[in-house]
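So the sequence lines, in the order shown, correspond to chains R and S.
Quick note, our numbering runs 6 ahead of the 1-based positions in the first sequence.
Quick note, our numbering runs 6 ahead of the 1-based positions in the second sequence.
Glycine included, every Cβ here is placed at the ideal spot set by N, Cα and C.
None of these values were measured; they are calculated from a predicted model.
To start, the structure itself, in structure tokens.
2 protein chains.
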Amino acid sequence: MPTYTAPTDDYKFLLHQVFNLQNQANVPGFEEATPDLIDAILDEGGKFLSEVIAPLNQVGDREGCVWKDGEVTTPPGFKQAYDQYCESGWNGLTADPEYGGQGLPHVLGTVFSEMISSANLSFGMYPGLTHGAYEAIVRHGSEEQKKLYLPKMVSGEWTGTMNLTEPHCGTDLGLMRTKAEPQEDGTYRITGTKIFISAGEHDMSRNIIHLVLAKIPGGPEGIKGVSLFIVPKFLVNEDGSLGERNAVSCGSIEEKMGIHGNSTCVMNYDGAVGYLVGQKHKGMRAMFTMMNAARLGVGIQGLSQAEVAYQNAAAYARERLQGRSISGAKNPDLPADPIIVHPDVRRMLLTIRSFTEGARALATWIGIQIDLAEKHPDPQVRKECEDLVALVTPVVKGFLTDAGFESTVMAMQVLGGHGYIREHGMEQFVRDARITQIYEGANGIQALDLVGRKLPQGFGRLLRRFFHPLLDFIQENMSDPAMKDFIMPLAKGTAKLQQATAHLAEAGMKNPDEMGAASAEYLRMFGIVTLGYMWARMAKVANERLAEGAEPRSYYENKLLVGRFYMQRWMPDVSSLFVKMAAGGKVMMSMDQDAF
Amino acid sequence: MPTYTAPTDDYKFLLHQVFNLQNQANVPGFEEATPDLIDAILDEGGKFLSEVIAPLNQVGDREGCVWKDGEVTTPPGFKQAYDQYCESGWNGLTADPEYGGQGLPHVLGTVFSEMISSANLSFGMYPGLTHGAYEAIVRHGSEEQKKLYLPKMVSGEWTGTMNLTEPHCGTDLGLMRTKAEPQEDGTYRITGTKIFISAGEHDMSRNIIHLVLAKIPGGPEGIKGVSLFIVPKFLVNEDGSLGERNAVSCGSIEEKMGIHGNSTCVMNYDGAVGYLVGQKHKGMRAMFTMMNAARLGVGIQGLSQAEVAYQNAAAYARERLQGRSISGAKNPDLPADPIIVHPDVRRMLLTIRSFTEGARALATWIGIQIDLAEKHPDPQVRKECEDLVALVTPVVKGFLTDAGFESTVMAMQVLGGHGYIREHGMEQFVRDARITQIYEGANGIQALDLVGRKLPQGFGRLLRRFFHPLLDFIQENMSDPAMKDFIMPLAKGTAKLQQATAHLAEAGMKNPDEMGAASAEYLRMFGIVTLGYMWARMAKVANERLAEGAEPRSYYENKLLVGRFYMQRWMPDVSSLFVKMAAGGKVMMSMDQDAF
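Next comes the structure, spelled out in structure tokens:
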């Protein structure tokens with residue numbers, strides 16, 4: 007059975023040494039997040055997830071969720087583990103103390119979300135979706151709604167969902183048919199069918215707060231006529247107690263490739279009572295709040311599967327005796343060497359690990375920016391951080407899930423035939439990771455968001471938030487010989503990315519299809535360069551620590567090795583991706599659609 | 007439910023126009039393979055596979071094989087379809103007429119193996135393994151063994167298996183423990199456990215002829231002491247009738263990621279009667295005959311899954327209405343445009359298709375070389391073809407399965423969330439394709455075979471069989487303006503591949519680990535350049551046909567478009583792969599194994 011150990015050392019390195027969270031103590035919410043508290047959270051949280059949540063991952067996959075007469079039973083052990091999770095207070099880690107949360111920085115939620123997803127992606131989705139619904143209500147709901155719903159969502163007693171997709175509309179929400187008819191009492195009656203609703207129905211919580219997009223009849227056509235509603239499974243009385251059952255039900259659950267432990271529901275709304283969140287017809291704005299947070303979360307899910315797959319592949323490679331090193335036996339007294347002696351096995355493992363450690367740095371960096379965007383006292387800093395987060399969100403979602411999935415495939419390969427057998431659990435990581443490239447906007451949509459919306463926004467203002475500090479960093483470290491292996495490839499990759507950006511702006515101006523034709527390669531270039539930047543920053547700190555004589559030396563030395571590997575084996579793709587995108591869209595657009 | 011249409015037009019183009027099979031009529035076995043006969047086989051075979059075998063693919067996945075008390079039941083419909091398959095004579099297409107086969111060129115078997123695997127990979131494995139066992143016996147068995155076993159294996163009444171892997175040894179067969187004790191009557195008693203035995207037990211055929219590797223006690227240590235045995239499930243009387251049950255049984259079947267319709271068995275040999283094939287201790291040589299054919303077959307399986315996944319993704323993209331073209335509505339009268347208007351959807355589809363059409367050309371080319379290696383009247387030609395096949399075998403296995411798997415992932419992505427749902431069948435292609443990268447030697451082993459065995463063989467003689475005609479082709483077409491888009495990238499890629507080869511030879515001489523460290527990238531470079539060569543050859547023929555005014559013009563025009571796309575979006579990887587491999591193995595080898 008696969009195991010999971012939370013990468014707490016890595017997070018301590020990132021939070022305390024690379025991004026110096028302690029320097030942000032002037033930001034509200036950070037003052038209490040002392041290094042000691044953070045370390046305690048990492049250690050305790052990691053232990054809980056490894057010991058309680060991770061062992062349920064295979065059970066969840068094998069048993070799955072069971073639908074019967076509209077009720078969904080989660081896999082054995084899920085409900086008990088969820089209760090334990092809530093009782094330990096993990097659900098409200100970053101939530102507002104006004105609603106019972108602990109008010110810790112969002113970045114700790116980011117950290118926790120990687121760990122819970124590694125331990126058990128299906129399980130982590132239940133609180134993850136609650137958190138998304140919490141965010142939408144806390145930002146867009148009325149005071150009354152906040153007081154009524156949030157405390158129990160923070161405690162975990164109630165969970166949440168997001169209802170967007172319909173059978174005929176996924177990406178294109180303007181085609182939505184679910185309607186919300188206004189009632190005299192100010193409520194609405196919601197009617198329609200939503201599909202692919204994660205955690206739409208289950209037995210983990212006493213109530214489920216559905217956030218539902220629907221159209222109020224007579225409103226504007228298409229996407230501009232969409233509003234957001236709270237539709238509780240059980241209506242909530244004024245005192246917070248549960249009232250009668252609402253007219254929403256789960257019609258069936260999907261049989262899927264993976265994430266069997268999470269229920270993916272068809273939700274039928276038959277005149278269910280709904281409460282408008284925010285303004286009429288402004289539902290997409292509120293939904294985007296949820297979606298952007300969710301997109302970052304899904305990116306981190308991609309990383310999470312790569313991490314746990316790596317850990318188990320590395321353990322296998324150290325233990326499995328098979329064949330001999332081609333440069334001479336390394337274990338002459340045993341019948342064979344462990345397969346980790348083989349360069350190609352190391353190549354696979356280091357390809358994954360140089361991705362996960364870089365991706366973890368990116369997730370942490372962006373997690374901190376989200377906090378600063380919300381809470382920094384200087385409005386200029388807030389705006390800059392918000393811009394950066396907006397720019398990088400599709401990159402985190404797209405690149406971390408694509409490379410995360412590829413990592414699980416590679417980790418499975420390390421086990422050879424045993425990787426294909428279910429009991430080893432490696433193929434589950436592949437099947438589970440696969441959804442992350444799809445939900446919360448398929449990765450093609452992320453690429454289009456990056457090139458079509460984020461790049462032109464503010465005449466490139468968002469881009470400057472990224473390139474300026476990156477170019478400054480390169481400049482500052484250019485002459486440091488200890489940084490040469492990092493700065494040279496990073497500088498080259500950054501130059502290519504700038505060139506690609508200019509190319510895209512020019513080509514896209516003439517023909518928008520040219521932006522679409524280049525978008526996937528551009529997003530990947532952006533992702534690879536961004537992780538390169540993260541690696542260079544980590545390398546700088548590792549070099550400094552080694553120079554200071556910090557212990558354990560091997561931690562910093564290995565960090566530099568893995569970083570060098572990244573520079574050697576990931577960065578070169580930037581150049582070929584540029585050549586591909588520069589080929590343009592003419593050939594692909596000239597084929598007749600019936601000829602495909 | 008997914009559907010499958012055999013790519014018969016493509017095969018006709020390849021066999022008749024690109025590789026001119028009719029020009030080989032002086033080779034025994036080819037004289038009867040007239041274009042009309044070939045076309046009839048393609049059309050009839052394709053129809054049978056689409057109508058009878060493909061509809062069982064999802065059933066096989068859902069129901070799987072069921073083990074009970076040592077017996078294995080295949081999914082509903084498999085047995086009846088297999089009977090129909092045998093009755094129609096498809097099983098003996100390329101087998102020797104002496105044993106009831108039709109004696110047609112091997113290349114038609116290659117073609118048929120792509121089609122049957124696309125239709126239903128799990129199903130196709132049953133006759134595929136029989137074919138492998140047939141090959142081993144026909145080449146290495148005694149006259150008596152051939153007469154006794156082959157006719158019923160050719161008719162399909164009996165099936166075959168290959169038994170190599172044991173729980174503690176997969177890649178490293180020298181560690182094998184299964185033993186074969188010689189008896190006074192000249193037979194052997196086989197004792198041991200084999201795992202991962204595809205089609206090891208099932209209800210499709212009346213007898214199963216296991217080919218088993220085992221060690222005769224007292225023989226040489228390691229791989230040099232391995233012998234090959236025929237171990238029938240039911241002993242066969244001299245008159246060919248079935249005798250008593252042999253002491254071989256199926257202990258269990260594996261729960262796997264995919265290919266659920268094929269039984270993957272633990273086989274227990276408890277003093278089972280076995281018959282030596284070929285010489286004592288020379289089992290690996292005989293096994294390699296089977297394995298090389300099987301490796302090519304598995305490469306083609308990779309292609310096959312890409313093809314069927316492409317067909318279904320393209321159909322979805324043409325039909326699914328969602329969103330609008332970013333360059334303006336293409337279907338203004340409908341609520342949305344089909345998603346095929348989006349450049350990124352086209353990019354995904356053409357990435358797959360430019361791979362499958364190139365891979366199909368490669369499979370066909372190599373299929374013909376296998377025939378010529380066996381049957382050409384000129385021994386020099388035979389040797390040259392044999393060399394080329396030996397060189398390219400690991401490339402076909404490794405590259406066609408890696409890119410084939412990646413293609414299924416991309417095809418699934420075209421369907422968005424619907425791709426993740428089992429009923430659409432797209433995720434099954436991903437799960438089924440995944441095994442092809444693993445079995446018959448994981449792709450890391452293929453890469454090592456290429457750089458460690460095939461490259462140095464005969465001081466680079468094998469390489470010359472590949473590079474000479476390729477360089478000649480480039481030279482001949484360099485000045486043709488209609489070929490410029492093909493020849494320029496091909497020439498560049500070929501130069502890089504030559505440079506990589508020289509680099510590898512030099513670095514590997516100093517330190518064998520350097521070969522291992524570069525092997526995966528080198529194999530992929532080799533694969534991409536080889537498909538580039540195939541595309542250039544197809545482009546040349548398509549240009550010629552267009553110049554002649556051949557119909558339908560759109561076929562040749564689309565061929566050129568898809569080929570151009572390949573040159574633009576696949577070939578650039580050759581350069582970045584070279585940069586990666588040139589970085590060497592120092593970093594990866596210097597990390598302590600406990601630090602992974």
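- request: Inspect the beta-carbon positions of Phe602 (chain R) and Ala323 (chain S) and report whether they are closer than 8 Å.
  value: Residue mapping note: residue 602 (chain R) aligns to position 596 of the first sequence, counting from 1. Residue mapping note: residue 323 (chain S) aligns to position 317 of the second sequence, counting from 1. Yes, these two residues count as a Cβ contact at 8 Å.
- prompt: Which runs of the alpha helix (DSSP H), 4 residues or longer, sit entirely within the region 446-524 of chain S?
  reply: 449-454, 467-483, 490-516
- prompt: Can a CB atom of chain R be found closer than 8 Å to the CB of Ile444 (chain S)?
  reply: Mapped onto the second sequence, residue 444 (chain S) falls at position 438. Ile444 (chain S) counts as touching chain R.
field: Rounded Cβ spacing between Tyr572 (chain R) and Ser360 (chain R) (contact assumed at less than 8 Å)
entry: By one-based count along the first sequence, residue 572 (chain R) stands at place 566. By one-based count along the first sequence, residue 360 (chain R) stands at place 354. Going by Cβ atoms, the distance from Tyr572 (chain R) to Ser360 (chain R) rounds to 4 Å, so yes, they are a contact pair.
- prompt: For the putative contact between Thr270 (chain S) and Ser204 (chain S), defined by C-beta atoms under 8 Å, what is the C-beta separation to the nearest angstrom?
  reply: Looking up residue 270 (chain S) in the second sequence gives position 264. Looking up residue 204 (chain S) in the second sequence gives position 198. That belief holds up - the Cβ atoms of Thr270 (chain S) and Ser204 (chain S) are roughly 6 Å apart, short of 8 Å.
message: Using CA atoms only, rank isn't needed, just tell me which of S:Gly264, S:Pro133, S:Ala253, S:Gly289 is closest to Gly277 (chain S).
response: Locating residue 277 (chain S) in the second sequence gives position 271, where the first residue counts as 1. Comparing Cα positions, the closest option is S:Ala253.
task: Report the option in R:Phe129, R:Gln452, R:Asn169 whose CA atom is closest to the CA atom of Gly264 (chain R).
output: Counting from 1 along the first sequence, the entry for residue 264 (chain R) is found at position 258. Nearest C-alpha to Gly264 (chain R): R:Phe129.
- request: Give me the Cβ distance between Glu433 (chain S) and Met418 (chain S), rounded to the nearest whole Å; I'm assuming they're in contact under 8 Å.
  value: Here residue 433 (chain S) is taken as the residue at index 427 of the second sequence, counted from 1. Here residue 418 (chain S) is taken as the residue at index 412 of the second sequence, counted from 1. Right, the Cβ-Cβ distance comes to about 6 Å (below 8 Å), so this counts as a contact.
task: Starting from Leu454 (chain R), find everything on chain S with Cβ-Cβ shorter than 9 Å and list it in chain order.
output: Walking along the first sequence from the start, residue 454 (chain R) turns up at place 448. Ordered by position in chain S, the residues that pass the 9 Å Cβ test against Leu454 (chain R) are Ile332, His348, Asp350.
- prompt: Listing by chain order, which chain S residues have their CB less than 8 Å from the CB of Met518 (chain R)?
  reply: Taking the first sequence and counting its residues from 1, one reaches residue 518 (chain R) at position 512. A small fix is needed here, since residue 518 (chain R) is Pro in this sequence, not Met. Per Cβ cutoff of 8 Å: Ile332, Ser333.
query: For Gly450 (chain S), which option in R:Ile346, R:Gly514, R:Asp491 has the closest C-alpha, if you only look at C-alpha atoms?
result: Within the second sequence, residue 450 (chain S) is the residue found at index 444, counting from 1. Among R:Ile346, R:Gly514, R:Asp491, the Cα nearest to that of Gly450 (chain S) belongs to R:Ile346.
field: Chain-ordered neighbours of Glu429 (chain R) on chain S, where CB pairs are closer than 8 Å
entry: Translated into the one-based positions of the first sequence, residue 429 (chain R) becomes position 423. By Cβ distance, chain S contributes Glu261.
query: Is it true that the region 446-461 of chain S meets the region 299-310 of chain S, where meeting means three or more beta-carbon pairs spaced less than 8 Å apart?
result: yes
message: Under 9 Å, CB to CB, which of the residues in the region 159-192 of chain S have a partner in chain R?
response: Thr171, His174, Cys175, Gly176, Thr177, Asp178, Gly180, Leu181
query: For the region 567-585 of chain R, which residues have a beta carbon sitting closer than 7 Å to at least one beta carbon of chain S?
result: Leu567, Arg570, Phe571, Gln574, Arg575, Pro578, Asp579, Ser581, Ser582, Val585
- prompt: If we call anything under 8 Å between Cβ atoms a contact, is Phe240 (chain S) one with Leu248 (chain S)?
  reply: Counting from one through the second sequence, the residue named residue 240 (chain S) turns up at place 234. Counting from one through the second sequence, the residue named residue 248 (chain S) turns up at place 242. Cβ atoms of Phe240 (chain S) and Leu248 (chain S): closer than 8 Å.
CA-to-CA distance, Gly51 (chain S) to Arg326 (chain S), given in whole angstroms: Reading the second sequence from its first residue, position 320 is the one you call residue 326 (chain S). Reading the second sequence from its first residue, position 45 is the one you call residue 51 (chain S). Taking the straight line joining both Cα atoms gives about 31 Å.
- request: Quick one: list the residues of chain S neighbouring Ala323 (chain R), beta-carbon separation under 9 Å, in chain order.
  value: By 1-based counting over the first sequence, the position of residue 323 (chain R) is 317. Simply Gln599, Phe602.
- request: Can you tell me which of the three DSSP states His216 (chain S) falls into?
  value: Here residue 216 (chain S) corresponds to residue number 210 of the second sequence, with the count starting at 1. His216 (chain S): strand per DSSP, three-state reduction.
task: Whole angstroms is fine: what's the gap from Gly590 (chain S)'s alpha carbon to Glu520 (chain S)'s?
output: Counted from its first residue, the second sequence places residue 590 (chain S) at position 584. Counted from its first residue, the second sequence places residue 520 (chain S) at position 514. About 6 Å.
- prompt: Roughly how many whole angstroms lie between the Cα atoms of Ala524 (chain R) and Gln574 (chain S)?
  reply: Your numbering for residue 524 (chain R) matches position 518 in the first sequence. Your numbering for residue 574 (chain S) matches position 568 in the second sequence. Approximately 12 Å, taken between the alpha carbons.
- prompt: chain S beta carbons: is any one of them nearer than 8 Å to that of Val314 (chain R)?
  reply: By 1-based counting over the first sequence, the position of residue 314 (chain R) is 308. Answer no: the Cβ-Cβ gap between Val314 (chain R) and chain S never drops below 8 Å.
Straight-line Cα distance separating Lys403 (chain R) from Ala409 (chain R): Within the first sequence, residue 409 (chain R) is the residue found at index 403, counting from 1. Within the first sequence, residue 403 (chain R) is the residue found at index 397, counting from 1. Cα-Cα distance, rounded: 10 Å.
query: Name the residues in the region 355-383 of chain S whose C-beta lies less than 8 Å from a C-beta of chain A; which are they?
result: No chain A is present in this structure, whose protein chains are R and S.
- prompt: DSSP state of Ile259 (chain R), grouped into three classes?
  reply: In the first sequence, residue 259 (chain R) corresponds to position 253, counting from 1. Of the three classes helix, strand and coil, the one that applies to Ile259 (chain R) here is strand, per DSSP.
query: Per DSSP, Trp73 (chain S) is paired with what?
result: In the second sequence, the residue the question calls residue 73 (chain S) occupies position 67. For Trp73 (chain S), which the question treats as bridged, DSSP gives the partners S:Val78.
field: For Met210 (chain R), the three-state DSSP class (helix, strand or coil)
entry: Reading the first sequence from its first residue, position 204 is the one you call residue 210 (chain R). Three-state DSSP puts Met210 (chain R) in coil, outside helix and strand.
- request: Identify the contact partners of Gly423 (chain R) in chain S, using a Cβ-Cβ distance below 7 Å as the criterion.
  value: On the first sequence, position 417 is the one that residue 423 (chain R) refers to. Thr171, Gly176, Phe202, Ile444, Tyr445, listed in chain order.
field: Expected contact under 8 Å - CB spacing of Val351 (chain R) and Phe532 (chain R) to nearest Å
entry: Working through the first sequence from its first residue, we reach residue 351 (chain R) at position 345. Working through the first sequence from its first residue, we reach residue 532 (chain R) at position 526. No, Val351 (chain R) and Phe532 (chain R) are not in contact; Cβ-Cβ is about 30 Å, not under 8 Å.
- request: With 8 Å as the threshold, decide whether the Cβ of Gly591 (chain R) is near any Cβ in chain S.
  value: By 1-based counting over the first sequence, the position of residue 591 (chain R) is 585. Taking Cβ atoms only, chain S reaches closer than 8 Å to Gly591 (chain R), which makes this a yes.
- prompt: Taking the continuous beta strand (DSSP E) assigned at Gly264 (chain R), which residues delimit it?
  reply: In the first sequence, residue 264 (chain R) corresponds to position 258, counting from 1. Taken as a continuous stretch (DSSP letters only), Gly264 (chain R) belongs to no beta strand (DSSP E), as it is neither H nor E.
query: Buried or exposed: Arg530 (chain R), going by 16 or more other Cβ atoms within 10 Å of its Cβ?
result: Translated into positions along the first sequence, residue 530 (chain R) becomes position 524. Looking at its Cβ environment, which holds 16 or more other Cβ atoms inside 10 Å, Arg530 (chain R) is buried.
- prompt: Roughly how far, in whole angstroms, is the beta-carbon of Leu368 (chain S) from the beta-carbon of Ala320 (chain S), given that I think they are within contact range, below 8 Å?
  reply: In the second sequence, counting from the first residue as 1, residue 368 (chain S) sits at position 362. In the second sequence, counting from the first residue as 1, residue 320 (chain S) sits at position 314. In fact, because the Cβ distance is near 22 Å, the residues do not count as touching under 8 Å.
- request: Look at the Cβ atom of Thr167 (chain R), then the Cβ atom of Ile214 (chain R), and state whether they are nearer than 8 Å.
  value: Position 161 of the first sequence, counting from 1, holds the residue named residue 167 (chain R). Position 208 of the first sequence, counting from 1, holds the residue named residue 214 (chain R). Cβ atoms of Thr167 (chain R) and Ile214 (chain R): closer than 8 Å.
query: At what residues does the alpha helix (DSSP H) containing Glu363 (chain R) begin and finish?
result: Residue numbering aside, residue 363 (chain R) sits at position 357 when the first sequence is read from its first letter. That run of the alpha helix (DSSP H) goes 349-381.
task: Give the single residue among R:Met577, R:Arg291, R:Leu421, R:Asn549 whose Cα lies nearest to the Cα of Asn564 (chain R).
output: By one-based count along the first sequence, residue 564 (chain R) stands at place 558. The residue with the shortest Cα to Cα distance from Asn564 (chain R) is R:Asn549.
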